[in-house]
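Sequential numbering of the sequence shown, starting at 642, is according to this note's numbering. No residue lacks a Cβ here, since even glycine has one placed at the ideal position from N, Cα and C. Please read all numbers here as calculations on a predicted model, not as lab measurements. I have placed the structure first, in the form of structure tokens, so that the comments after it can refer back to it.
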Amino acid sequence: MGDLWSLLKQGNKPSLLAAFVNLFLGVLKGVAFFFTGNIAMFAEMMHSLGDSANQFFVFIGSALSKKAPTPKFPTGFGRVVNLVCLGAVIIVGILSYETIKEGWHQIMHPTTSSGLWISLSVLAIGIILESIVLMKAAKEILHDSGITANGLTALPKAFAHLNRAKPATKLVFMEDLVATLGGMLAFIAVLMAHFTGFLQAEGIASVMIGLMMFYVVGVVFLENARGVIGETDEEMLNHIAYLVWDDSNIRDIKKLEVIKEGEFLHVECLAEVDPTLSFAYVDDIRDHLMDILLAQKSVSKVTIAFDEDDGVTNWNHVGERPDALK
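Encoded structure:
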């Protein structure tokens, strides 16, 4: 039990915060839907409950991914978070379908809802709370990327560095971005339906919210499917190649892999050196490179091997050094 608690303390904090916020909002919106019968409110309820379930799963998955390697699983459990994210988006997909179905029913057979101020108050609370979680996720993304930002500047900067975000944080950011926009859409739709009599507005908003949820499903599913298979981090590959080449003893890089393992990176390198160097000297080179590479952000495992220089250049993949990693 102590080990489990220790792992849970390492879980992704934005996803846990988002899970509790969305659970509260889901219950609040459910009560509002019960009293008002508002279809846009139903869509928001489904969205919040789906996000809450998702984010609880993601928090647990991100915690379990920190479990240390074992003899049976020597590469560790980093990809567990990708597996959990894949399962989580299935929940969102089902709720997206239900949201679109109810919205389409409202468009084809519009009904009048009541409790205008109940709906608007609940939606306003939802927009505010979702915005707070969204900003926290944005700041977490920037923290992971080593970028500082204050106030509203964090949001556009987070978009620019979204590819560097941890899988769990990225999922929270995208879900709460859609949730905030969905709350605004629902708010506008409720006002429009009440003051213009265009009751289909609530159904249209529900369909649009469902489609945005499906977009998150598609993006997150594809990204985490690549993570489960084992995806190369191209930017870090290029950066690490530069670090290896910076050592004057390295004649060539025969093989270099930088594989994403959940939130971490595993590096495997086969380099060529002068065959006249002593074993002790080559071992010092290895120790030096190990220290440098393990100091790089997110790198948790490094394997380095050497071969004698054959006079043929094998490595020609080095491009311009990424600005963010200089």
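Alpha-carbon to alpha-carbon, residue j and residue i
i, j, result
"Gly-851", "Asp-948", "55 Å"
"Val-725", "Gly-702", "6 Å"
"Ile-870", "Asn-695", "21 Å"
"Leu-664", "Ser-706", "24 Å"
"Leu-796", "Lys-807", "16 Å"
"Ala-882", "Pro-712", "30 Å"
"Leu-761", "Arg-805", "36 Å"
"Pro-963", "Gly-691", "Note on Pro-963: pLDDT 48, under 50, position unreliable in the model; the coordinate value appears next. Approximately 37 Å between the Cα atoms of the pair."
"Lys-901", "Phe-718", "12 Å"
"Ala-660", "Phe-697", "6 Å"
"Asn-957", "Lys-895", "10 Å"
"Val-618", "Ser-889", "With the chain running from 642 to 967 in the structure shown, residue 618 is simply not present."
"Ile-782", "Asp-874", "17 Å"
"Met-931", "Val-885", "10 Å"
"Thr-954", "Phe-905", "30 Å"
"Asp-915", "Gly-952", "10 Å"
"Thr-810", "Gly-824", "21 Å"
"Phe-836", "Ala-842", "11 Å"
"Leu-658", "Leu-649", "13 Å"
"Val-699", "Thr-716", "21 Å"
Cβ-based burial, residue i [other Cβ within 10 Å; buried from 16]
i, result
"Phe-714", "exposed"
"Asn-791", "exposed"
"Ser-616", "Not covered by the structure: residue 616. The range shown for the chain is 642 to 967."
"Ser-919", "exposed"
"Arg-720", "buried"
"Thr-740", "buried"
"Val-908", "buried"
"Ser-656", "buried"
"Ile-768", "buried"
"Ser-786", "buried"
"Phe-814", "buried"
"Met-749", "exposed"
"Gly-844", "buried"
"His-929", "exposed"
Whole-Å CB distance - residue i paired with residue j, under 8 Å assumed
i, j, result
"Ala-681", "Ala-830", "5 Å"
"Glu-743", "Ala-684", "7 Å"
"Ala-827", "Ala-846", "5 Å"
"Asn-879", "Leu-727", "No, Asn-879 and Leu-727 are not in contact; Cβ-Cβ is about 28 Å, not under 8 Å."
"Gln-651", "Ala-704", "6 Å"
Residue(s) in a DSSP beta bridge with residue i
i, result
"Thr-677", "Answer by DSSP bridge pairing: none, since Thr-677 is not bridged."
"Thr-873", "Ile-900"
"Ala-946", "Leu-911"
"Val-940", "Leu-906"
"Ile-891", "Val-914"
Residue ranges of each beta strand (DSSP E) within the region 745 to 812, 3 or longer: none
Run through the region 905 to 938 for me and flag every whole beta strand (DSSP E) of 3 or more residues, listed as ranges in chain order. 905 to 914
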